[in-house]
Every structure is written in C-alpha cells, then in structure tokens.
Amino acid sequence: MSSCIRCKKMMVGALYQGLSSRRQRIFDAHLASCPECAEEYQQLSWTLKIMDRRQAPAVAPAFWEGFWGRLSNRLEQGRDRAYRRDWRS
Amino acid sequence: MDSHEQRLIHRFREGDAAAFRELVEGCQETIFQLAIELTGDWDDADDLSQQVFIKAYHALPRFRGETKIISWLYRIMVNTHIDNSRKERARGWRVDLSASDEDHPEEEPYITRAAEDDPETRTAARHMQDHINRALETLAPRQRSVFVLRHYHDLPLKEIAGILRLSVGSVKSQLFRAIRRLQKELAFYKAELGLEDPS
Chain V
1 MSSCIRCKKM MVGALYQGLS SRRQRIFDAH LASCPECAEE YQQLSWTLKI MDRRQAPAVA
61 PAFWEGFWGR LSNRLEQGRD RAYRRDWRS
Chain H
90 MDSHEQRLIH RFREGDAAAF RELVEGCQET IFQLAIELTG DWDDADDLSQ QVFIKAYHAL
150 PRFRGETKII SWLYRIMVNT HIDNSRKERA RGWRVDLSAS DEDHPEEEPY ITRAAEDDPE
210 TRTAARHMQD HINRALETLA PRQRSVFVLR HYHDLPLKEI AGILRLSVGS VKSQLFRAIR
270 RLQKELAFYK AELGLEDPS
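Sequence order for the protein chains is V and H.
Note that the first sequence covers residues 1 to 89 in our numbering.
Note that the second sequence covers residues 90 to 288 in our numbering.
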C-alpha cells in the first residue's frame, strides 16, 4: 500500500521521463508487481498520447499583420485614459 | 536573459518605442499559442495575448531580468488568465465553448486549416480536436496552465513552479490530477485509436 502511494508520487516523473535511473528502477519494479498501478500508468500514458494529437491552430499571416496595430491602439487608449485621469485630478 | 533581450530592454528604457514592437514580434506567436491553449477560444486568446503585452509594456521598466523574457511573459499570461477566469466566475459567466465551429464558421476568419482530402477523415479529425479541447475545458485554470506548460511547451516542473509561484510538489500534484481528469474525459478514444489492450 505504502509503495503504491510512493509509486503515484513518481507517476508524473515517469510519464515525462523525469525520474533518475534509480527511481525509475524502483517505479518499474513496483509496476511489475502491482497490476492496479500498472493499469493506471498505462491509462495515463494513453491519455498523453491522445493529447499529443492536438493540433495547434495555424495562424494566417493576415492575423499578425493586424496584431501590432490592435495592440498599439489599446496602448494608446490606455495612455489617453491615464492622461484624462491626470488632467481631471 | 540573453544579450539580444538585454539590448531590447535597454533601448526600450532609453525611449526607443520600436524596441517594444521588436520584442512583441519576437514572441507573439508563442504567446498566442499559449493563450489559445489556455482559453480554447480565438477571440479570448487574442484579447489575453494583448492584455499580456500591455501589462508587460507597463512593467518592463521594473523588469529585473532574472528570467528570460518569455518566462516572464508566461507568468503574466497565466496569472492574467487565472484572474480573468476568477472574475468571470464571480460575474456568473459561463460561456459555452463546446459548440462546434460548423455552427458559426465565420468566427475564426484567420485560421488556415490543414487540408484533408477525404471529408470523412476531415470530420473525424475535427471531432477529435473538439474532444481534446473540450477535455482541456474541464480542467481548472491553474491545472490547465500546469498541463499546457508541461505538455505543450515542454517546461520543466521547476520552471512552472516559478511561473505559478508554487512548490514543485504542488505543481506535480496539479499535473497528476489534470492528467487523471483528461483520462476520464477521453477514455472512449482508447479503442478508436487502437490503444486498447491486445487481450
């Protein structure tokens, strides 16, 4: 039971290949002897494989052409608001 | 922070407005991708990205340069996103982002879609993207931020902890809970993708 808790603490590290070789060996040994943890690890690995299939939206150049213009307008508006605030006070 | 970034910040502090534009253009795509991953919505992502750059513009004179600019912008974005979500919740807003774009195709005019020859393949691919995005929607803002930064931006847990001002242990547990949640949401895909047990 306590080794299952320890295994769960190592699960994220194992999923992202972040365990030291010693901890990886402990983790693997636990999975070999615990079907519940092995099943959970497999389920979570599958989930990450599905999430890998997410496609980042491709952005057309036209979007970036307008991005700076929109941003600088908002910066200008902010400056105008600050100026009006200062002027009133 | 590299020497190019240092030069840009120096120029900005000296009053060179073009330096800020250069800085924005150097990282706008990465920032926008993160915004899309956090919000799941084109317009919200555009707005969030701009909020981040506006905050950066005002905070840049005080930026100490202890991290790379991109990590600093990530921190501003994640905090702004969490803050926006909190305000929306407090206002009782619940925007339904699950509707398919087929219902309102005109809303994403700038996305150039990958061409798929077969309409069936295109529909299936589109549905999968919708399911993945909907699964991400089920995560709490902080959990989603942790997952996205680790999984799609490949940031080490220590760096994520720095961005969110959490302990590494806490980031790890948020990430574990996020993946578990996604697993529940996407369990039905296992068979479809041939990921079932061979037995």
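All residues carry an ideal CB built from backbone N, CA and C; glycine is no exception.
Which bits of chain V does residue i rub up against, with CB to CB less than 7 Å?
| i | result |
| --- | --- |
| Q139(H) | R70, L71, R74 |
| K279(H) | W46 |
| M217(H) | R53 |
| R110(H) | W68 |
| K157(H) | Correct list: empty, because the minimum Cβ distance to chain V is about 21 Å. |
| V113(H) | W68, L71 |
| F142(H) | L71 |
Are there 16 or more other CB atoms within 10 angstroms of the CB of residue i, so buried, or fewer, so exposed?
| i | result |
| --- | --- |
| D135(H) | buried |
| K261(H) | buried |
| L56(V) | Correcting the residue type first, residue 56(V) is Ala in the shown sequence and not Leu. By the 10 Å Cβ count, A56(V) comes out exposed. |
| I5(V) | exposed |
| F27(V) | buried |
| A60(V) | exposed |
| A29(V) | exposed |
| A58(V) | exposed |
| L225(H) | buried |
| H170(H) | buried |
| A299(H) | The displayed coordinates of chain H run from 90 to 288. Any statement about residue 299(H) would go beyond what the structure contains. |
| F101(H) | buried |
| T210(H) | exposed |
| F277(H) | exposed |
| H99(H) | exposed |
| T212(H) | exposed |
| T201(H) | Residue placement at T201(H) is poorly supported in this model, since its pLDDT is 45, which falls under 50; the coordinates still yield a value, given next. Burial call: exposed. |
Give the C-beta separation of residue i and residue j to the nearest angstrom, bearing in mind that I take them to be a contact with Cβ-Cβ under 8 Å.
| i | j | result |
| --- | --- | --- |
| L263(H) | L71(V) | A small correction: the amino acid at residue 263(H) is Gln; Leu does not occupy that position in the sequence shown. The Cβ separation is near 31 Å, so there is no contact. |
| Y163(H) | L238(H) | 7 Å |
| F67(V) | Q117(H) | 6 Å |
| L127(H) | S256(H) | With a Cβ gap of about 22 Å, L127(H) and S256(H) do not count as contacting. |
| S160(H) | I252(H) | 7 Å |
| I125(H) | K144(H) | That belief does not hold up - the Cβ atoms of I125(H) and K144(H) are roughly 19 Å apart, past 8 Å. |
| G154(H) | M90(H) | 5 Å |
| I158(H) | E94(H) | 5 Å |
| L97(H) | A108(H) | 5 Å |
| E274(H) | T227(H) | 6 Å |
| L19(V) | I268(H) | L19(V) to I268(H), Cβ: 16 Å. No contact. |
| Y41(V) | L31(V) | 6 Å |
| M51(V) | H240(H) | 6 Å |
| R23(V) | M10(V) | 6 Å |
| S174(H) | P245(H) | Going by Cβ atoms, the distance from S174(H) to P245(H) rounds to 25 Å, so no, they are not a contact pair. |
| V12(V) | F236(H) | 11 Å between Cβ atoms; not a contact. |
| V113(H) | F142(H) | 6 Å |
Run down chain V in chain order and give the residues with a C-beta less than 8 Å from the C-beta of residue i.
| i | result |
| --- | --- |
| I125(H) | A56, P57 |
| R239(H) | Y16 |
| Y146(H) | L75 |
| E118(H) | V59, W64 |
| K247(H) | Those within 8 Å of K247(H) in chain V number zero; the least Cβ separation is about 10 Å. |
| I67(H) | This structure does not reach residue 67(H), given that chain H is present from 90 up to 288, and the question cannot be answered. |
| I221(H) | I50, M51, R53, R54 |
Kindly list, in the order they appear in chain H, the residues whose Cβ is closer than 7 Å to that of residue i.
| i | result |
| --- | --- |
| Q43(V) | Q272 |
| F67(V) | Q117 |
So residue i contacts chain A; which residues on that side make the cut at Cβ distance below 8 Å?
| i | result |
| --- | --- |
| F265(H) | The chain labelled as chain A is not found among the protein chains of the depicted structure, namely V and H. |
Is residue i near the ligand SAH - that is, is its Cβ less than 8 Å away from at least one heavy atom of it?
| i | result |
| --- | --- |
| A145(H) | As far as ligands go, the structure on display features none, and thus does not contain the ligand SAH. |
For a contact meaning CB atoms closer than 9 Å, what does residue i contact in chain V?
| i | result |
| --- | --- |
| L275(H) | W46, T47, I50, M51 |
| V257(H) | In chain order: nothing, as chain V lies at least about 10 Å away. |
| Q122(H) | A56, P57, V59 |
| K176(H) | The contacting residues do not exist; K176(H) stays about 18 Å from chain V at best. |
Tell me whether residue i sits in a helix, a strand or coil according to DSSP, three-state version.
| i | result |
| --- | --- |
| Q272(H) | helix |
- [ ] Note down, one range per segment and in chain order, each alpha helix (DSSP H) of at least 4 residues found wholly within the segment 196-250 of chain H.
- [x] 208-226, 230-240
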